[in-house]
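Take the sequence shown: its letters are residues 1 to 120, numbered as in the numbering used here. To keep things clear, I will list the structure first and then write my remarks on it.
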Amino acid sequence: MADTTPAAPPSTVGDLALEVRSKNAGPFWVTMELFMRDADGYRIVADETFINEHVIAELYRIDAATIQLFRIPSLNVVKISFPRPVSQGSLRDRDMHAGQHHVPLALLPLPGTTPGVRHG
Numbered sequence: 001m002a003d004t005t006p007a008a009p010p011s012t013v014g015d016l017a018l019e020v021r022s023k024n025a026g027p028f029w030v031t032m033e034l035f036m037r038d039a040d041g042y043r044i045v046a047d048e049t050f051i052n053e054h055v056i057a058e059l060y061r062i063d064a065a066t067i068q069l070f071r072i073p074s075l076n077v078v079k080i081s082f083p084r085p086v087s088q089g090s091l092r093d094r095d096m097h098a099g100q101h102h103v104p105l106a107l108l109p110l111p112g113t114t115p116g117v118r119h120g
């Protein structure tokens, strides 16, 4: 018998996204990309009152002045870049490919939701 439980409404950025990823942008920068499923999801994450330099600075404990945000409505994509805390491959580098930096952003609660609470 098929599961007829209704899907829970989205509660995090990752729930709205087709893909959230992070990667190196050279040895000194990290880039994260939010590929949204549709224009509605894009409007939520592209809203400057929701995701902005100050929110990213708080999530990643970095200086807001160093963050670059690119909103690309024709692709439903938001791109975020900031300097790596240490250069790629250096002794203190904990994520050489920057492949895990996206996780805090993907788990960011959507406006009007309670963090950690799934409805449905």
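The beta carbon of each residue, even a glycine, is placed where N, CA and C say it ideally should be.
Have a look at the DSSP bridge pairing and note the partners of residue i.
i: Glu33; result: Arg21, Lys79
i: Arg124; result: What is shown of the chain runs 1 to 120, which leaves residue 124 out entirely.
i: Pro109; result: Thr12
For the alpha helix (DSSP H) holding residue i, just list the boundary residues, first then last.
i: Leu59; result: 53-60
Leaving out five residues before and five after residue i in sequence, what residues of the same chain have Cβ atoms less than 7 Å from its Cβ?
i: Leu18; result: Phe35, Met36, Arg37
Measuring only the C-alpha atoms, how far is residue i from residue j?
i: Phe28; j: Arg84; result: 5 Å
i: Gly120; j: Ala8; result: Confidence at Gly120 is low in this model, with a pLDDT of 42, below 50, so its placement is unreliable and the value that follows should be read with caution. Roughly 5 Å separates the two Cα atoms.
i: Ile72; j: Thr31; result: 14 Å
Who are the near neighbours of residue i in its chain, counting only those whose CB is closer than 6 Å to its CB and skipping five residues on each side?
i: Leu59; result: Pro104
i: Leu98; result: What sits at residue 98 in the sequence shown is Ala, not Leu. Counting only Cβ-Cβ distances below 6 Å, and skipping sequence neighbours, we find Ser22, Lys23, Asn24, Val30.
With a CB to CB cut of under 8 Å and the five nearest residues on each side skipped, what residues in its chain are close to residue i?
i: Ile56; result: Ile62, Ala64, Ile67, Leu69, Ile80, Phe82, Leu105
| request: Determine contact between the stretch 83-100 and the stretch 43-57, defined as no fewer than three beta-carbon pairs at a distance below 8 Å. | output: no
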